[in-house]
Amino acid sequence: MSKVVDTEQKRSWVSIIVMVLLCILWLIPTFGLLVTSFRNIDLINGSGWWTGLLGPFTAENYAGVFTKTDMGTSFINSFAVAVPATIIPITLAAFAAYAFTFLDFKGRDFLFVTIVAVMVVPAQVALQPMLDMLGPRGINISGQYVSVWLLHAGFGMPLAVYTLRNYMTTLPRSIIESAKVDGASHFQTFWKLVFPMSMPAIAGFAILQFLWVWNDLLIAMMFLKPQNATVIVSLAGIMGTQGQGWELLTAGAFISMLVPMAIFFGMQRFFVRGMTSGAVKG
Amino acid sequence: MSAATVAASGPPTTDKAQTAADPKRILVGAVTMIAVGWFIGNGFLALAYYPQWFAVGMPVFDKIIQALLAMVLGIGGAVLFFYCMNVFVEGLPGRLGQFLMPYAWILPGYFTIGLLLLYPAIQTVNYSLANEDSTAYVTPIYKNFQDVFADEGFTRTIGNNLLWLLIVPATTVVIGLLVAVLADRLSPKGESISKAMMFMPMAISFVGASTIWGFIYDYQSGDTQIGLLNAIVTAVGGEAQSWLTIDRFALNSMLLMVIVVWLQVGYAMVLLSTAIKNVPEDTLEAARIDGASELKIFFLVVIPQMKGTIITVFVTVFIMVMKIFDIVYVMTNGNFKTNVIANMFFQELFVQRNAGKASAIVVILLIAVIPVLIYQVRHFKREEAER
Chain A
9 MSKVVDTEQK
19 RSWVSIIVMV
29 LLCILWLIPT
39 FGLLVTSFRN
49 IDLINGSGWW
59 TGLLGPFTAE
69 NYAGVFTKTD
79 MGTSFINSFA
89 VAVPATIIPI
99 TLAAFAAYAF
109 TFLDFKGRDF
119 LFVTIVAVMV
129 VPAQVALQPM
139 LDMLGPRGIN
149 ISGQYVSVWL
159 LHAGFGMPLA
169 VYTLRNYMTT
179 LPRSIIESAK
189 VDGASHFQTF
199 WKLVFPMSMP
209 AIAGFAILQF
219 LWVWNDLLIA
229 MMFLKPQNAT
239 VIVSLAGIMG
249 TQGQGWELLT
259 AGAFISMLVP
269 MAIFFGMQRF
279 FVRGMTSGAV
289 KG
Chain B
5 MSAATVAASG
15 PPTTDKAQTA
25 ADPKRILVGA
35 VTMIAVGWFI
45 GNGFLALAYY
55 PQWFAVGMPV
65 FDKIIQALLA
75 MVLGIGGAVL
85 FFYCMNVFVE
95 GLPGRLGQFL
105 MPYAWILPGY
115 FTIGLLLLYP
125 AIQTVNYSLA
135 NEDSTAYVTP
145 IYKNFQDVFA
155 DEGFTRTIGN
165 NLLWLLIVPA
175 TTVVIGLLVA
185 VLADRLSPKG
195 ESISKAMMFM
205 PMAISFVGAS
215 TIWGFIYDYQ
225 SGDTQIGLLN
235 AIVTAVGGEA
245 QSWLTIDRFA
255 LNSMLLMVIV
265 VWLQVGYAMV
275 LLSTAIKNVP
285 EDTLEAARID
295 GASELKIFFL
305 VVIPQMKGTI
315 ITVFVTVFIM
325 VMKIFDIVYV
335 MTNGNFKTNV
345 IANMFFQELF
355 VQRNAGKASA
365 IVVILLIAVI
375 PVLIYQVRHF
385 KREEAER
């Protein structure tokens, strides 16, 4: 019995209808926000968005976000924060994962188990000690990007090592052995073979970490000075300001979602892989 | 696959021949390694202390330059550092080099974990016994914990967290399972489209999701309601409400939980969907031949075979809910009896400015995480044994 016939059999009208309803239910909140962000401020406050599905639409809210709030700068900040905070931990983690997979050493299992364990430790644990260490009482770099890169590198590291190591154990051992026979050093084996071969796992984790950093509020809010604030911090700021209404908030929310959405629709396969491999992040 | 991993975890088969020490390699390796390390460290510090050095006067470009420099420093520096370290270790006499090499490879990664997670965990416990600016220990030593437990808001906060833990992970798994089962019965195209729609919220931040749902819960004092929830309620003849202020039966907390469920169902669905497809068809056939109903088959045959995945999803959502912060912070800031531990910590640290009490709250959170942590390690060890 082939798989296709199977699916045909199982298909039923009930599941189609329920699924369509669920999808609509899941999309409506975002859709409502999208429609609202393109409506004039008076229309937003005068009637529900569902009455304005056919327009008139305007882009003035988006223009307003860039002129009335610092969302424009924040957008650049988010990139400046998220890209290094994604790539640096992956580089370090890849080396560590190689050692955990292909080298044998005393205490390896213990060290790896501690990595598995700290994956569930909440980031809150580190915040007060880190404020002390990176703040004026320590080396005084809080407020700058550097502090946030460091924090995200640390918090992303356990999962990065774990994910990459799990992937590396599935690589064909024979290729690495033959490289060794050819006289390649571990550094060459890693750089020329294992690192390129691990690209699917690296891409999966990179997307996960990038989104995690991009979408983070707590660390960005605590460790970045206002000029360096990310879009999420700015959005939370607009939310907190009573005077600024839905026209800025809806447009601002969409600007903050732009990059994650592009990643989602452009790289869905890697995105799903990253999300599913990051099952247990703390 | 198992053959490969057995080989991978076995002892290295490389030559353990005694190669002599190579002083030149050791020297060059050590000096360059230290130089590179020094340069990376100071480079990053310079980015923080003297951003003007790397500025061209246009804020946009300055930020991009900083990020690019960081990547060059971070990646280039790391690779160069490892290369120099490799030179150094290979210069060492055979056995010593073989011995040290693995530790050298895990050092930068492990150091970061130590600095950002292990050290702070200990320091937080330390601070939880100290005063509000962490300059001296309090007397009695457990005073902060006493204060936390005496705080009447704390009991409610813990209660709220328990409610979150009771409702959100289970609801997410159940809806995720429902969606996974239904999607499995659609045509391949319908399945992939509907899955993408359900999964899409995973890309949205908690703050973005709060904006989206805040708009649904919106309440206007006049006659027109622009929030969807109030519009529906008034359309069926009800009274418009300011939903997030209603703490009766913890209604407002539950409305916040809806946001998390909405965000996480897609994740649960993707994992559970894979698990459903991995349930062997012949076990279902056998049950059908025995005359079991579809419902019975689902609960007695399918579910037990995907127990592992269900637990993984449950634990992941559980951990996330334990430290839930963003949504409560931006939606109600813990007012109207919706406070949770992570937000209480934040308020204690930044509003009350009491680092001691804030740390005590985190220690309580840390203790609460320990059972999950033990489960996690056990689960990992079991999985490794099965490889």
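Chains as they are written, first to last, in the working numbering: chain A, 9 to 290; chain B, 5 to 391.
Virtual Cβ for every residue (Gly too), placed ideally from N, Cα, C.
If you're wondering where the values come from, they're calculated on a predicted model, not measured in any experiment.
Where residue i sits in the DSSP three-state scheme
i: Gly350/A; result: Residue 350/A lies beyond the range of chain A shown here (9 to 290); nothing can be said about it.
i: Leu122/B; result: helix
i: Leu61/A; result: coil
i: Leu190/B; result: coil
i: Leu182/B; result: helix
i: Leu100/A; result: helix
i: Leu232/A; result: strand
i: Arg160/B; result: helix
i: Tyr221/B; result: coil
i: Tyr333/B; result: helix
i: Gly282/A; result: helix
i: Asn339/B; result: coil
i: Leu172/A; result: helix
i: Glu243/B; result: coil
i: Asp50/A; result: helix
i: Lys114/A; result: coil
i: Gly212/A; result: helix
i: Pro130/A; result: coil
i: Lys28/B; result: helix
i: Val283/B; result: coil
i: Ile184/A; result: helix
Residue i at chain B interface by Cβ criterion, 8 Å
i: Phe163/A; result: yes
i: Tyr175/A; result: no
i: Val288/A; result: Residue placement at Val288/A is flagged as unreliable, the pLDDT there being 49, under the threshold of 50; the coordinate-derived value follows with that caveat. Output row for Val288/A: interface = yes.
i: Phe87/A; result: yes
i: Tyr153/A; result: yes
i: Gln217/A; result: no
i: Ile24/A; result: yes
i: Phe46/A; result: no
i: Asp140/A; result: yes
i: Leu41/A; result: yes
i: Ser10/A; result: Reliability fails at Ser10/A, whose pLDDT of 41 lies under 50, so the model's placement of it is uncertain and no value is given.
i: Ser264/A; result: yes
i: Gly56/A; result: yes
Residues bridged to residue i (per DSSP)
i: Tyr141/B; result: Ala134/B
Sequence-distant residues of its chain with Cβ nearer than 6 Å to residue i (five each side left out)
i: Asp14/A; result: Here Asp14/A scores only 48 on pLDDT, less than 50, and its place in the model should not be relied on; the value that follows carries that caveat. So no residue of the chain qualifies.
i: Val91/B; result: Arg29 and Gly33
i: Phe198/A; result: Tyr106
i: Arg47/A; result: Gly60
i: Val169/A; result: Ala101, Ala104, Ala105 and Ile123
Whole-angstrom distance between residue j and residue i, CA atom to CA atom
i: Trp57/A; j: Gly218/B; result: 14 Å
i: Ala207/B; j: Val32/B; result: 47 Å
i: Met247/A; j: Val154/A; result: 27 Å
i: Cys31/A; j: Ser198/B; result: 6 Å
i: Met326/B; j: Leu259/B; result: 17 Å
i: Val76/B; j: Thr171/A; result: 24 Å
i: Gly81/B; j: Gly212/B; result: 36 Å
i: Met348/B; j: Gly338/B; result: 8 Å
i: Met27/A; j: Met310/B; result: 22 Å
i: Lys188/A; j: Lys200/A; result: 12 Å
i: Pro204/A; j: Leu257/A; result: 42 Å
i: Pro37/A; j: Gln276/A; result: 21 Å
i: Phe153/B; j: Ser55/A; result: 47 Å
i: Thr128/B; j: Lys361/B; result: 11 Å
i: Ser363/B; j: Asp140/A; result: 12 Å
Any C-beta of chain E under 8 Å from that of residue i
i: Met261/B; result: Given the protein chain composition of this structure (A and B), no chain E is represented.
Contact with chain A by residue i, beta-carbon distance below 8 Å
i: Asn90/B; result: yes
i: Glu390/B; result: no
i: Ala200/B; result: yes
i: Gln209/B; result: Going by the sequence as given, residue 209/B is Ser instead of Gln. Cβ-Cβ to chain A under 8 Å: yes for Ser209/B.
Contacting residues, own chain, Cβ-Cβ under 7 Å from residue i (five flanking each side not counted)
i: Thr18/B; result: The predicted position of Thr18/B is uncertain, since its pLDDT is 45 and thus under 50; no value can be drawn from it.
i: Ile240/A; result: Asn223, Asp224, Leu225, Ala228 and Ser264
i: Val43/A; result: Trp57, Gly60 and Leu61
i: Val283/B; result: Val306, Gln309 and Met310
Close beta carbons around residue i, own chain, < 8 Å, minus the five adjacent residues each side
i: Ala134/A; result: Leu159, Gly162 and Phe163
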